[in-house]
Amino acid sequence: MPDATPPPPSGRTDQPSRFRLMRFYTTTTLFVFASVCIALFVLQGMEKDFFEQSQQQQAQFFTKAQADLARQNELAALGSLLAVHEASHLNLTRLVANTMWDSDIAPLVARSQRLSVEACRSLPSRGGYETEQAAARRDCFTQLGRSIRALPGFDTLDRKAYAAMHASTVFKIKVFDLRGITVYSSEHAQIGEDASANQGWKSAVGGRAATELTHRDRFSAFEGVVENRDLISSYVPVRADADGPVVGVFELYSDVTPFLQQIQDASKALSDNIAANQARLAASADANLRQLSANSTWFLLVIGGLIVLLYGASLVIVRIGQKIIDRQERAQEQAAAREQLWHREKMAALSTMAASVSHEVGNPLTVISCIAQMLPDNDGPDRETPAQLSRRILEQTNRIAGMMRKITAFAAARSEAAEWIEINPVIGAVCDFHTFDHRFRRKPIEFIAGAALPACELVPDHLNEVMMNLLQACADVSEPAGAERSIRVTTAAAAQGVTIDVDCVCPASGAVLPIDYVTANPRFELIRRRLDDMQARVDLSPARIRIELPTIRSAPAAAPVAEQVATGVSRR
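Every number in my numbering is 15 more than the matching position in the sequence shown, counting from 1.
Set out below in structure tokens:
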């Protein structure tokens, strides 16, 4: 066996370019490192923006929290003010009831209840516009107030009330009976009014005091008319004793303008303190942001220097690796050349064997065929007629002749040069040839030839080698006893060439079986290398091996493609 590397096939002028690791790594890593630097710069900018936004959000949260706190303090102060004055109104009501209810107020309430109010309440109170009936209702209750003021004991009660509330913060006091009629008011014009629809009166009649804070621009008080005052009004139930039923309702108005002003002053002081804290927080946030910017700049400089150092060190390592790869690639090329030489020798020996068998068997088959053709003209014994014997001999002759044609088609002499061939005859010859192998008796090969396949330019023996190794890899798989499997080979036209699918199927169900065992066969690496030489591509799926032959190459200008295809087929 010669050691010299054979020359490349004369029909293939374009060889796949060698992968240059140094050039590829330099270009790719330069792009990657530049992208990393840009990404770091962008991320640092995003971090700075995030930090600034976080500080702004924290400042906003702090401002809102302080404002909520100030509001809660103000509401708490107002609630305390209402609670304290409601308690004082309860005590005042109890005091007034203890001193004047039995002697002055209760007799007046009893006398006023003898005055009927049903006629006044039967009149409509309001409408879309002021009506005469609404005016009549007001006049009716006004007349009721005059009647109450004319009752005995009213003037005495009025003098005592003014004397008791003189120089106090209580600006007005009103007394309601259980019908909701104002029996007494320090503002006489309100006597006789109907308060039965008022929610405060309803709450007090139910036994629960009701208090609210109001602001009045003008208000009629014991001491006269006052302006711009903040008042707390309370509806307080009056009981005959501590646990007795409600016998009336008091409404008291107290002036809380000085207290409310103190609450507002305290709230303003708290707001000023919050504003000062917010200013200090903003100054601290600006200082932190400047420090972050300085740290980010130093970080980018340090990381950038490390990246440059890493890039330089990796270039030195890759340069050494490129030299090692070049040596290994030259050794692989020499090994591949030797493998191609061994393949040609193997295929030549196989072709010689097939041609010899065809020659040795062909002559006896010709003699048998002639005898079979003459037998029908002779008489024979009373067993089988010559015609029957002739047909049997012809059947066997045709069978042996078919075998010889398969061997001849598979072993047809071809050159090592790429040529235009039809794929179906080559694949069919390989499949037919393997039917002589006893391993394929339990794994029959089913060949489904695709229609209208385009011609491909390749070395036929290379395709033979790929298909032989692939089919033998399928046949090498051990199976459990009684298991059956068949091999299906399908060719089809693709958008840019021809596809060859190899499936292992179950004849009983037609289900496609997994092909992991085929790809694990050592022959598969040889198949991959030969496909790379053919510039073909192999696609592996869980149940199928697909080989995609390359796109048809442009034919020389001297002859059209169809003529070249015919020439390639004739050489076979």
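In this text, a Cβ means the ideal position worked out from N, Cα and C, and glycines have one as well.
Looking at the unbroken alpha helix (DSSP H) that takes in residue i, where does it start and where does it end?
i           : result
residue 79  : 36-111
residue 448 : 438-448
residue 218 : 214-220
residue 125 : 121-127
residue 542 : 538-548
residue 462 : Note, residue 462: premise wrong, no alpha helix (DSSP H); beta strand (DSSP E) at 460-463.
residue 516 : Where residue 516 is concerned, there is no enclosing alpha helix (DSSP H), although the beta strand (DSSP E) it sits in stretches over 512-520.
If we call anything under 8 Å between Cβ atoms a contact, is residue i one with residue j?
i           : j           : result
residue 480 : residue 435 : no
residue 278 : residue 89  : yes
residue 192 : residue 128 : yes
residue 160 : residue 119 : no
residue 296 : residue 55  : no
residue 432 : residue 465 : no
residue 76  : residue 293 : no
residue 560 : residue 533 : yes
CB-CB under 6 Å to residue i, same chain, minus the five flanking residues each way: which ones, in chain order?
i           : result
residue 81  : 289
residue 230 : 245
residue 66  : 307
residue 126 : 166
residue 586 : With a pLDDT of 38 at residue 586, under the threshold of 50, the modelled position of that residue is not reliable, and the figure given next carries that caveat. Within the same chain, residue 586 has no close Cβ partners at all.
residue 548 : none
residue 104 : 249, 251, 267
residue 281 : none
What residues in its chain sit with their C-beta under 7 Å from that of residue i, if we drop five residues either side in the sequence?
i           : result
residue 286 : 85
residue 219 : 225, 250, 251, 252, 264
residue 261 : 220, 222, 252, 253, 254
residue 538 : 484, 487, 488
Could you work out which residue in the options is closest to residue i when comparing CA atoms only?
i           : options            : result
residue 247 : 171, 294, 323, 99  : 99
residue 114 : 183, 219, 253, 72  : 253
residue 106 : 194, 446, 267      : 267
residue 456 : 489, 281, 175      : 489
residue 462 : 503, 468, 477      : 503
residue 209 : 446, 197, 48       : 197
residue 459 : 467, 465, 450, 466 : 450
residue 541 : 556, 560, 485, 550 : 485
residue 134 : 439, 157, 302      : 157
residue 121 : 441, 439, 190, 259 : 190
residue 500 : 42, 530, 132, 291  : 530
residue 597 : 294, 544, 302      : For the chain, the structure presents residues 16 to 587; residue 597 sits outside this window and is missing.
residue 64  : 39, 304, 172, 93   : 304
residue 136 : 203, 211, 344      : 211
residue 468 : 515, 446, 475      : 515
Leaving out five residues on either side along the sequence, give the residues of the same chain with a beta carbon under 8 Å from the beta carbon of residue i.
i           : result
residue 546 : 481, 552, 553, 562
residue 96  : 228, 247, 271, 274, 275, 278
residue 144 : For residue 144, the predicted model reports a pLDDT of 46, less than 50, meaning its position is unreliable and no value from the coordinates is stated.
residue 577 : Model confidence at residue 577 stands at a pLDDT of 37, short of 50, so the residue's coordinates are unreliable and nothing is read from them.
residue 172 : 115, 119, 120, 123, 199
Would you decide whether residue i is buried or exposed? Buried here means 16 or more other CB atoms lie within 10 Å of its CB.
i           : result
residue 35  : exposed
residue 152 : buried
residue 83  : exposed
residue 477 : buried
residue 73  : exposed
residue 437 : buried
residue 355 : buried
residue 313 : exposed
For residue i, verify whether its CB is less than 7 Å away from any heavy atom of the ligand NAD.
i           : result
residue 515 : Absence of the ligand NAD from the depicted structure is noted, as is the absence of any ligand whatsoever, leaving it without description.
Counting along the chain, where does the beta strand (DSSP E) carrying residue i start and finish?
i           : result
residue 197 : 197-200
residue 191 : 185-191
residue 555 : 552-556
residue 480 : It is not in any beta strand (DSSP E) - residue 480 instead sits in the alpha helix (DSSP H) that spans 475-490.
residue 509 : 501-509
residue 561 : 559-563
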